[in-house]
Structures are given as C-alpha cells and as structure tokens.
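Chains as they are written, first to last, in full-length UniProt numbering: chain A, 1 to 163; chain B, 1 to 576.
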C-alpha cells in the first residue's frame with residue numbers, strides 16, 4: 001500500500017542524506033521525497049511516499065524516528081489528509097494543437113505559464129493521480145519535458161505536525 | 001577560560017571523566033595531539049593500526065559499561081577505524097570516535113588524506129557530527145557522549161577539521177553539564193499496562209522460557225533478570241551477546257541458543273508456549289528459519305529500541321523501555337500475583353528439559369594420545385582460570401567453542417564481536433579490557449586466521465606491559481569456513497587453508513613476549529597454569545588442535561530449532 005509520510009527534521013547538513021541512506025541501506029521503496037525549510041528555519045519538513053505492507057511501513061516509520069535528526073513524524077495516510085503535487089509540462093504546441101492544449105489546460109484547471117511559437121509550459125497542481133491523468137490525456141508525442149515536485153501533504157483539521 | 005580547539009578536545013574528555021583514549025596520530029589531529037602532550041590528564045594508548053584503536057575502545061567499553069573513546073586522523077585513519085566502528089554499531093557499544101579532517105576551506109577539494117568521514121560512517125554509527133566552528137566543539141562533544149551512552153548505545157563520530165583545532169584561535173570554554181536534544185529522548189520506563197499483559201501470560205504459561213540478549217548486559221539489567229528468573233523458576237537461554245547476564249553455571253540456564261546453541265535450549269524454544277525475549281533482537285543466527293520459529297509461542301519482547309520490535313518476528317506483547325526498569329516492574333507484578341504453587345506447575349516442563357539435556361549435545365571425546373580437541377582446550381582454560389576471566393574472542397570456531405564451554409557467571413566478562421563477526425577483534429579488545437581491569441586476568445581466545453588480522457597489536461601490548469594471555473586454537477585452517485566447505489561444498493576447501501603460518505612462538509618472542517607451544521592434551525593444563533602464573537607477562541600460547549573438529553550442534557540454513565544437526569557421534573542416538 002502507498003503511504004505518504006511527513007517528517008519534521010532538524011535543518012542540519014546531512015539530515016537529508018541520513019534519510020536517503022536509510023532507505024537504500026534497508027532496501028525500502030521510495031517513490032518520491034521532497035524537502036524544504038519550514039517557517040521555523042531550524043526545521044525542515046520532508047514528505048516521502050513509499051510503498052510496502054503494514055510491517056514494512058511500520059519498520060520504516062520506526063527507523064525514521066530512530067534517526068537523531070528526526071523531530072517528529074506523521075503517516076498522513078492514516079487519517080484524512082490533503083495531498084498536492086506540482087507539475088510543469090513542456091509541450092509541443094503548433095497550429096491547430098494550440099487550441100486543443102488550451103482547452104485541456106482549462107478542463108484540468110491548469111495554467112499556461114510560458115508561450116512560444118511552438119510550445120507551451122503548462123503548470124498543474126493537484127493530487128498525483130490528477131497529474132497522471134493529465135499526462136495521459138495529452139495528445140501522443142506532444143510532451144517535450146515533464147517535471148514534478150513529488151507529493152507534499154497536510155492532515156485535515158486543526159491539529160498540525162509541529163513541535 | 002579561553003582554550004583553543006585542540007585544548008577543548010582534551011579538556012572536554014577530562015570533564016567527561018575519560019580515562020583512556022585509544023588512538024594514532026596523523027596530520028589532521030596534530031593540534032589535538034599537541035594539546036594532549038601539553039595538558040596531560042587523559043591517558044593515550046598508542047595502537048599500531050586505527051582498526052585496533054576502535055576495537056580497544058570497544059573492549060574497554062564492553063568490559064566496563066563506560067564509553068570507549070578513540071582518536072584517529074583523517075583519510076586512512078578514519079577509514080581504518082570504520083571496521084571497528086561498524087563492529088561497535090552492530091553490538092550497540094557506546095563509543096565516541098574523534099576523527100581529524102582536512103581544514104574546512106579544503107573540504108571537498110580532494111585534499112591530501114581527505115575522505116568524507118561523515119558520509120562513509122553514516123550507515124554504521126548511531127549519529128555523527130562535522131564540527132565547522134570551534135565555538136560548537138565542546139557542546140558537540142557533550143552531545144556525542146550523551147547520544148552514545150543513552151537509549152540503545154552506539155558509536156558516535158565527531159569529525160573535526162584541522163583549522164577548528166588551531167592553537168592560535170582561542171574561545172571561551174564551558175563544558176555543558178546537561179544536554180537536551182528535542183529530536184532525541186530515549187525511553188526509560190516500560191508501559192505498565194503492557195508489562196501487566198506480559199505478566200498475565202507468564203502466570204498462565206505451561207512451557208515458558210526467557211530468551212535474553214546483549215541488551216541485558218548493555219542495560220545493566222543482570223541483577224533484575226537473575227531475580228526474575230529465580231522468582232519465576234522459568235528456564236533461561238541466552239544469545240551469544242548475552243552470556244553472563246545469568247550465571248552460566250546456574251541450573252535454570254540451558255546454555256546458548258541458535259545456530260550453535262545447545263539441544264535443550266533450541267528444543268525448548270521450539271516447544272515453548274510463552275517466550276519472554278529480553279534485550280535480544282531475533283537475529284538470523286538465533287531464529288533459524290523464521291517460519292519455524294517458536295511455532296507455539298506467544299511472544300513478549302522487551303527492548304529499549306522500538307525498531308527492534310517486530311522487525312524480524314512479529315511479537316504479541318511489545319514493551320519498549322530500559323531492560324532493568326522493565327524487569328523490576330515485571331518482577332513486582334509477578335510476585336503480587338503468583339501463587340505458591342506456581343513453580344511446581346512447571347514440573348512437566350522441567351522434566352521435558354531434563355530429557356533433552358540427557359542427549360549431552362556438547363559431548364566430545366578427548367583421546368589422550370591424539371590431537372588436542374578445541375573443546376578440551378576451552379574446558380582446560382575454564383578449569384585453570386576458575387571461570388574468572390575477562391575473555392575476549394576473535395571470530396570463528398574458537399568463538400563458538402568458547403561460548404559453549406566457558407560458562408560466564410558475570411556479565412561483561414565475555415567480549416566478542418557478535419553482530420558484525422569481525423576477525424581481528426579479539427586482541428585489541430583484550431587490550432581495552434586489560435587496561436580497564438589492570439588486576440584482572442584477561443585472555444584472548446583466537447584462531448590462527450583471526451589473530452593475524454590485528455597481530456601488530458603485540459607491539460602495543462609490549463609498550464604498555466599488558467599481561468594478556470592469548471590462547472590460540474591453531475588448526476591451520478579458517479576453521480569455520482572449512483567446516484562449511486566440508487558440510488555444504490563437498491569438502492572443497494577453497495582458500496580456507498592458512499598455508500605458511502608464522503612460528504607463533506618466535507613471533508611472540510620477537511615482540512618481546514613469552515611464546516609457548518602445546519601439542520599434547522596431557523601438557524595443556526600444566527602449560528596453561530604456567531602461563532597464567534606469569535602475572536606480569538604477555539604470554540602467547542600456540543595450542544595445536546585437531547584440524548578436523550567441527551562445531552556442533554548446528555542449525556543449518558533454512559532449518560528450524562527442532563532440526564539441529566548433532567555431532568556425528570551423537571546423531572545416531574534416538575532424539576525424540
């Protein structure tokens with residue numbers, strides 16, 4: 001099963017590589033990993049997406065918690081949460097394709113953020129599945145380049161993953 | 001007080017109460033060595049290879065419970081120490097390793113003797129630090145000791161660039177008394193509700209057993225464990241790392257379990273209905289095939305490290321906490337509820353165990369006219385030293401024979417590399433143990449292959465007049481490799497014959513020690529008595545043993561506890 005885990009880390013050099021090293025050393029799957037400082041500059045927040053059965057995911061969480069740099073951890077998949085990923089897609093946009101691509105962009109509530117005579121860059125934010133769907137919808141051969149941020153997430157309700 | 005970085009390192013070690021630093025100087029740590037020279041106070045033990053610095057600090061830590069400390073230079077100094085660091089990590093030994101690093105402006109430039117020490121050691125340390133500012137140095141060292149010695153202990157590396165120890169840069173020094181880390185708070189007490197659930201199982205159990213590990217020794221839980229074992233009347237078995245936590249000569253002790261464990265311990269594991277695992281981690285050498293592990297048991301697991309619980313084997317009652325405090329709570333709750341008949345309800349279970357014991361799975365025959373059996377050598381060692389050794393071991397057959405035939409009655413007496421299985425560990429570890437216990441008898445049991453991996457430390461032993469006794473079980477082979485090749489590779493002894501061994505007697509003598517060779521069983525006891533009578537000399541005993549002897553019983557890969565292979569002389573007996 002897919003789990004999306006949020007981790008508050010000490011914003012120290014090497015913290016990220018401790019997490020990455022843990023996953024490779026123990027052979028855990030890692031689908032994506034994003035990290036950035038928070039409003040508190042001493043803390044980074046990492047969101048990682050992993051898959052595994054319950055025992056493996058339990059072990060992953062324990063091992064993450066065991067890292068000295070880990071301050072707090074929450075498995076967002078255990079409760080109601082919101083997941084967002086940002087994607088930018090560069091597509092070939094020539095002649096009659098331009099209208100069709102504009103329409104698709106509107107349907108997905110995406111934005112065209114760069115325009116040339118022959119291309120668009122389309123920005124889209126949403127759950128990862130929505131991003132997948134958008135890519136599937138694009139006409140064959142249209143895509144020049146795709147860049148995705150990897151999912152981030154936050155739990156619903158007033159409780160927060162804070163110190 | 002204003003101090004330079006080099007002086008801060010030394011002063012911090014003094015403030016930390018460090019007695020010995022095991023190390024080897026080099027370019028990046030010269031400022032620190034100069035401060036050590038000028039300041040004094042901390043005794044530095046010069047080893048002959050950085051791997052030995054880590055192992056000696058490790059032996060010191062294991063035999064005392066205090067934190068081991070080593071100091072090595074950048075680059076090869078650090079990489080040489082890595083084997084020792086990984087050894088300590090696998091066995092959860094508290095250790096602080098100070099490594100020199102190239103000056104901060106040179107980091108990343110492939111400078112002379114530069115290596116990414118923090119990167120290389122990351123997977124085999126509890127934590128590591130790179131100190132980039134001399135003002136952070138004292139606090140970082142304090143944190144390193146705090147992390148290394150609390151919770152589940154482990155090695156912590158502090159990487160110190162040379163400019164941080166510059167003698168011309170002085171900063172105000174105070175050593176923090178306490179340190180708090182918001183991201184690290186090791187548990188103390190176990191959850192009482194969980195302990196109660198465990199006690200309920202223990203009260204109902206018909207075939208209970210304690211399975212205890214190195215965590216009992218590390219967590220200073222030996223007294224509490226003994227009290228609980230006695231109060232419950234349950235049998236107890238131990239891992240390689242836990243030997244001595246309960247007396248090896250106690251009637252309730254079934255011996256070691258696992259791959260080379262006793263028949264009675266492994267059969268009891270297979271038949272038990274309530275398994276109480278204490279400070280043990282269900283290592284693959286202990287469990288055998290997981291699918292066959294304790295098929296009838298409810299499992300209680302006490303461990304200070306939550307990630308040890310349900311890692312390899314799913315448990316029914318997890319208890320996260322310090323072993324000593326959990327066992328004390330457990331004893332109290334058990335005694336509140338146990339009836340006076342409780343112990344007698346276990347009579348059938350003990351009768352079953354007595355039956356298994358009658359197999360005498362460790363029996364061997366010593367023909368007085370034939371070669372010395374390694375088992376006989378260990379038994380003789382036990383007899384001569386009356387079980388009072390601090391015994392460091394290398395890795396291989398001799399290690400297993402020692403674990404089987406030298407019962408330890410106290411914790412911290414048996415010093416061996418269990419998790420990583422590091423050949424070369426024994427001699428330097430004995431150095432650490434002997435320095436920690438100058439009046440005690442310290443020996444190193446080794447094999448002809450292992451001993452050569454850190455043989456250079458004979459020089460260290462001479463320099464510090466360490467009266468260690470090496471008992472070399474010399475069979476001319478890498479015994480354990482040879483055993484596996486005999487059993488699983490149709491006796492194709494690929495590269496396991498240690499051709500061109502040195503004359504160990506002369507070797508010892510060339511290092512200024514006493515060398516002895518023993519070839520006949522009848523000479524062994526007398527020779528050992530002579531060796532141990534030399535209270536102030538390092539004695540190297542080259543004991544020539546039967547090269548064909550194998551370690552039994554054995555659980556081969558993919559088998560369960562009930563599928564042990566006994567020694568060929570015993571296998572034909574009825575075992576039901």
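Each residue gets a CB set at the ideal place from its N, CA and C atoms; glycine is no exception.
- The beta carbon of residue 18 (chain A) sits closer than 8 Å to some beta carbon of chain B.
- Nearest CB-CB separation between residue 56 (chain A) and chain B: not below the 8 Å threshold.
- Straight-line measurement puts the Cα of residue 42 (chain B) at about 43 Å from the Cα of residue 192 (chain B).
- Among the residues of chain B, those whose CB is under 7 Å from the CB of residue 69 (chain A) are 183, following chain order.
- Following the DSSP letters along the chain, one finds residue 128 (chain B) inside the beta strand (DSSP E) bounded by residues 127 to 130.
- At least 8 Å separates the CB of residue 33 (chain A) from every CB of chain B.
- Looking at the DSSP output, residue 114 (chain A) shares a beta bridge with A:121.
- A distance below 6 Å between beta-carbons, with the five flanking residues on each side excluded, links residue 400 (chain B) to the following residues of its chain, in chain order: 260 and 551.
- Among the residues of chain A, none has a CB under 9 Å from the CB of residue 407 (chain B); the nearest is roughly 35 Å distant.
- Listed in chain order, the non-local C-beta contacts of residue 43 (chain A) below 8 Å within the same chain comprise 8, 9, 10, 11, 37, 71 and 163, local neighbours out to five positions each way being set aside.
- The Cβ atoms of residue 280 (chain B) and residue 213 (chain B) lie closer than 8 Å to each other.
- If only uninterrupted beta strand (DSSP E) runs of at least 3 residues are considered, those enclosed by the UniProt domain "ACT" (4 to 79) of chain A are 32 to 37, 43 to 51 and 70 to 75.
- Residue 158 (chain A) and residue 82 (chain A) have their C-alpha atoms some 13 Å from each other.
- For residue 308 (chain B), the three-state secondary structure derived from DSSP is helix.
- In the DSSP assignment, residue 92 (chain A) falls within the beta strand (DSSP E) that extends over 81 to 92.
- Contacts between residue 21 (chain A) and chain B, judged by CB atoms closer than 9 Å, involve 119, 122 and 123 in chain order.
- The three-state reading of DSSP puts residue 284 (chain B) in helix, counting H, G and I together.
- When the five nearest sequence neighbours on each side are left out, the beta carbons in the same chain lying within less than 8 Å of the beta carbon of residue 537 (chain B) are those of 467, 513 and 514, in order along the chain.
- Contact holds between the segment 448 to 455 of chain B and the segment 422 to 433 of chain B, because three or more Cβ pairs, one in each stretch, are under 8 Å apart.
- Counted as a single uninterrupted DSSP element, the alpha helix (DSSP H) harbouring residue 143 (chain B) occupies residues 137 to 149.
- One alpha carbon belongs to residue 59 (chain B), the other to residue 428 (chain B), and they sit about 7 Å apart.
- Going by beta carbons, residue 130 (chain B) and residue 98 (chain B) fall outside the 8 Å limit.
- Beta-bridge pairing by DSSP links residue 266 (chain B) to no other residue.
- Note that the C-beta distance between residue 94 (chain B) and residue 154 (chain B) is below 8 Å.
- Spatial neighbours of residue 113 (chain A) in its own chain (CB-CB distance under 6 Å, excluding positions within 5 residues in sequence) are listed in chain order as 121 and 123.
- Residue 397 (chain B) is classed as buried because its beta carbon has at least 16 other beta carbons within 10 Å across all chains shown.
- Per DSSP, residue 469 (chain B) is one residue of the beta strand (DSSP E) stretching across 469 to 474.
- Counting other Cβ atoms within 10 Å of its Cβ, residue 37 (chain B) stays below 16 and is therefore classed as exposed.
- Residue pairing of residue 2 (chain B) in beta bridges, as defined by DSSP: B:172.
- For the segment 418 to 500 of chain B, the full-length beta strand (DSSP E) segments reaching 3 residues or more read 442 to 447 and 469 to 474 along the chain.
- Contact between the segment 196 to 205 of chain B and the segment 264 to 274 of chain B is established, with three or more Cβ pairs separated by less than 8 Å.
- Against chain A, the beta carbon of residue 311 (chain B) has neighbours under 7 Å at 59, listed in chain order.
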